[in-house]
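Inspection log for the structure reproduced underneath, given as C-alpha cells.
Number of protein chains: 2
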Amino acid sequence: MTYHILNGELLPAATAAIGLNDLALLRGYGVFDFFSVHRGRPVFLEDHLQRFQRSAALYELSLPVSVEALREQIFKLIRACDMQEGGISLILTGGYAEDGFHADTPPNLLILSRPPVPRFADKQRVETPIKLITHRFVRELPEAKGLNYARALRSQAAMKAAGAGEILYTDGQRVLETYRSNVFLVMPSGKLCTAGSDVLQGITRKYVLQLATEMGMETETGDIPLSHLAKAKEVFLTGSGKGVFPVS
Amino acid sequence: MTYHILNGELLPAATAAIGLNDLALLRGYGVFDFFSVHRGRPVFLEDHLQRFQRSAALYELSLPVSVEALREQIFKLIRACDMQEGGISLILTGGYAEDGFHADTPPNLLILSRPPVPRFADKQRVETPIKLITHRFVRELPEAKGLNYARALRSQAAMKAAGAGEILYTDGQRVLETYRSNVFLVMPSGKLCTAGSDVLQGITRKYVLQLATEMGMETETGDIPLSHLAKAKEVFLTGSGKGVFPVS
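For the record, the sequence lines run as chains U and Y. If you read the first sequence in this note's numbering, its first letter stands for residue 1, the second for the next number, and so on. If you read the second sequence in this note's numbering, its first letter stands for residue 1001, the second for the next number, and so on.
Below is the structure:
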C-alpha cells in the first residue's frame, strides 16, 4: 500500500487530504523538493534537505519540525511503502489561512511517495533524445524550488503539438534551464558549459560538474549565449527525477 | 455553520479537504476569482463568472460543469451558509495527478465561503489611507487570475516593516497594479488614469471607469509613467474585496 505523510501523520495515499484553506492551494504559496529512492535508499538526501531548507528560507517559510525529525519521517515513509524504487516529494506550504491570505498556522509539511520516474537503459536513452521548444521566461526566484509551474503546465498542448519533451527557458539572450532540468552543452572544444545564475542549483547538476572535473573535462559555469545552442556538439538535461537526458 | 463546495458536494468548512495530488497544491496550477456577497446577493456575479471562464481558458483548463450549474452551486452555498455579508472564492485547479505533473482527472472546482472583508465607513476610509511599497514585477499572465501569489505572500515581512498595506508593481517604467487591486490616479487636470495593459481587468475597475464617465470626468486607460505617481492629486485602489481604497 502507498502512504503519504501530512504534518507527521502517516496516511493511506488514496484518502490523504488537506484542508481547503491551505495557502499552496489558494495562492500557489509554498516550496518543494524531489529526490529518487534507489534500492530503498534516498539519493543525495542531504543535498535535497539542504536545498529544501534554502528554498523555504527564500520564501520566508519556517520548517515546522527539525531537519532530524524530517529525515526520520522520510525513512518512516520509505519503510511503510516498502519502497525499493521510487521518489519522494517534499512540500512546505504557506499554512492555513481562514481569510485566504494571512496564515493562521505554521506551514503544512507534506511528504509524498511517488512512483519511479521511467528510466531507460543507457543505450536506449542515448538513442531516443528528446526535443526542446523554447520560451522566453525567467522564473521569479530561480534559486528556490517554488510551486509556480503554471507556465509549464499551461504549455503541455504546445509541447505535444511540437513533439517536444521539455521547454527551454531563455531571457532572450541566454540559455537558462528547462522547467524541471538544468541544461548542459558540450562545445566543439570539448568544454562542458552550464548556466551559472538565474537557474536552479540542481543536485544532479552539481554532481555532473564534479564528475566532469574529476574526468579531466574543462567546465564553465556562467552565461551561455543562445547562439551556443546551434554550435554545441551535444546538449543534455539533468534532474533528480530523470538523471541525465540527451536532447536531439 | 460555514460550508464549502468541492466538485459539487456541500461540505462543512471545518472538515472539507482535497486530495494531496491536486495540481494547485503540488504545482500552483489553477485559477480563481472572488466576489463579495452583500445583503445575501453576489455582487457583479455575471462579470466574475465571465472572468473566471476567461482565466480558465488562458490557463488551458476546462470548467467541469456548465456555467448554469456553477451559478446554482454558488446560490446553494450562500443559502446553506445563510450568508448576508461575505464573499465567495471560486478556484479551478489543474486536477489530480498521480505522477505530480500530468492530470489524470478533470479540474477540481472549489467554491469557498469567505467572511466579509472589513470595510470602513466612508469617512474613516478617506481619513486612513494606506501606504504602498513598490516592487519591480510583472505578473506572468496579468489578464488571468492565476494562483501565483508567492511574491505577495513572501513580501509580508517587508510590507509590515514599511507599514505598507499593499505592494505596487511596476516594470520600471510604468505603474501597473498592486498584487490584488487596480490602481487609479487623479491627475492635477482632474483626469482619471488607470493602466490599460499588463494588469488584471478588474470588475470594480470597470465600474469605476463607467461611473466616472457618467459623472462627466475625463478618463484615460493606458500606460502610466511612474513619474505620474508624484504628480497625482489622488491615488486610489479598487478591488472586489475592498471596494475603493485611498492611498496616502
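Backbone N, C-alpha and C define an ideal beta-carbon position, used for all residues, glycine too.
For residue i, the three-state DSSP class (helix, strand or coil)
i         : result
U:Ile74   : helix
U:Val67   : helix
U:Asp171  : coil
U:Tyr207  : helix
Y:Ala1017 : strand
Y:Thr1213 : helix
Y:Leu1147 : coil
U:Ala121  : Bear in mind that the predicted position of U:Ala121 carries a pLDDT of just 49, short of 50, making it unreliable; the figure below should be weighed with that in mind. In the structure shown, U:Ala121 sits in coil (DSSP, three-state: anything other than H, G, I, E or B).
Y:Leu1109 : strand
U:Phe52   : helix
U:Arg255  : Beyond the ends of chain U as shown, which are 1 and 248, falls residue 255 of chain U; an answer cannot be given.
Y:His1228 : helix
Y:Glu968  : Residue 968 of chain Y lies beyond the stretch modelled for chain Y, which goes from 1001 to 1248, so this question has no answer here.
Y:Leu1026 : helix
U:Leu141  : coil
U:Arg114  : strand
Y:Arg1136 : strand
Y:Leu1200 : coil
U:Asp47   : helix
Y:Tyr1003 : strand
Pair within 8 Å by beta-carbon distance, residue i and residue j
i         : j         : result
U:Val247  : U:Val235  : yes
Y:Phe1032 : Y:Leu1090 : yes
Y:Leu1141 : Y:Val1183 : no
U:Ala144  : U:Leu58   : yes
U:Gly190  : U:Glu218  : yes
U:Pro42   : U:Ile74   : yes
Y:Met1159 : Y:Ile1130 : no
U:Glu166  : U:Pro116  : no
Y:Gly1146 : Y:Leu1092 : no
U:Ala175  : U:Ile224  : Just to set this straight, residue 175 of chain U is Val in the shown sequence, not Ala. Contact: yes.
Y:Gly1040 : Y:Gly1241 : no
Y:Leu1061 : Y:Pro1107 : yes
Y:Val1037 : Y:Ile1078 : yes
U:Ala16   : Y:Leu1020 : yes
Y:Glu1177 : Y:Leu1209 : no
Inter-residue CB distance, residue i and residue j (contact presumed, cutoff 8 Å)
i         : j         : result
Y:Gly1239 : Y:Thr1204 : 6 Å
Y:Arg1139 : Y:Asp1171 : At roughly 11 Å, the Cβ-Cβ gap does not stay under 8 Å, so Y:Arg1139 and Y:Asp1171 are not in contact.
U:Arg151  : U:Tyr179  : 7 Å
Y:Gly1196 : Y:Gly1216 : Going by Cβ atoms, the distance from Y:Gly1196 to Y:Gly1216 rounds to 21 Å, so no, they are not a contact pair.
Top-ranked residue by Cα proximity to residue i, from the options
i         : options                                       : result
Y:Asn1007 : Y:Ile1111, Y:Thr1134, Y:Lys1231 and Y:Lys1145 : Y:Ile1111
Y:Phe1034 : Y:Val1065, Y:Thr1105 and Y:Ser1181            : Y:Ser1181
Y:Cys1081 : Y:Ala1161, Y:Arg1114, Y:Leu1025 and Y:Leu1045 : Y:Arg1114
U:Arg27   : U:Glu98, U:Ser62, U:Leu211 and U:Ala152       : U:Glu98
U:Thr105  : U:Lys76, U:Gln53, U:Gly163 and U:Leu23        : U:Leu23
Y:His1228 : Y:Leu1192, Y:Gly1202, Y:Lys1206 and Y:Ala1212 : Y:Leu1192
Y:Ala1232 : Y:Thr1213, Y:Pro1188 and Y:Leu1200            : Y:Pro1188
U:Phe52   : U:His38, U:Val37 and U:Arg71                  : U:Arg71
Y:Arg1054 : Y:Leu1211, Y:Leu1168 and Y:Gly1202            : Y:Gly1202
Y:Asp1047 : Y:Glu1214, Y:Gly1216 and Y:Tyr1207            : Y:Tyr1207
U:Gly95   : U:Leu63, U:Val67, U:Ala69 and U:Glu68         : U:Leu63
Y:Leu1025 : Y:Glu1068, Y:Ser1066, Y:Ala1103 and Y:Tyr1003 : Y:Ala1103
Y:Phe1101 : U:Asn148, U:Lys76, U:Ala14 and U:Ala69        : U:Asn148
U:Glu68   : U:Met83, U:Thr2 and U:Leu45                   : U:Leu45
Contact test: residue i Cβ vs the ligand ATP heavy atom, cutoff 7 Å
i       : result
U:Leu20 : Although the ligand ATP was asked about, the structure shown includes no ligands whatsoever.
* **Positions along the segment 1059-1092 of chain Y whose CB lies within less than 8 Å of some CB in chain U** => Across the segment 1059-1092 of chain Y, CB contacts with chain U closer than 8 Å involve Tyr1059, Glu1060, Ser1089 and Ile1091, in sequence order along the chain.
* Selection of the segment 133-153 of chain U by Cβ proximity to chain Y, strictly under 7 Å -> Glu140, Gly146, Leu147, Asn148, Tyr149, Ala150, Arg151 and Leu153
* Chain-ordered residues of the segment 1184-1201 of chain Y with a beta carbon less than 9 Å from chain U -> none
* For the segment 1212-1239 of chain Y, which residues have a beta carbon sitting closer than 8 Å to at least one beta carbon of chain U? -> For the segment 1212-1239 of chain Y, there are no residues whose beta carbon sits under 8 Å from a beta carbon of chain U.
* To do: Select from the segment 1012-1030 of chain Y all residues with a C-beta closer than 9 Å to any C-beta belonging to chain U, and list them in chain order.
  => Ala1013, Ala1014, Thr1015, Ala1016, Ala1017, Ile1018, Gly1019, Leu1020, Asn1021, Asp1022, Leu1023, Ala1024, Leu1025, Leu1026, Arg1027, Gly1028, Tyr1029 and Gly1030
* Give, in chain order, every residue of the segment 107-119 of chain U whose Cβ lies closer than 9 Å to some Cβ of chain Y. => Leu110, Leu112, Arg114, Pro115 and Val117
* Using a Cβ cut-off of 7 Å, which residues of the segment 155-182 of chain U contact any Cβ in chain Y, in chain order? -> Ala157
* Asked: Which of the residues in the segment 1031-1050 of chain Y, read from start to end, lie with their CB under 7 Å from any CB of chain U?
  -> none
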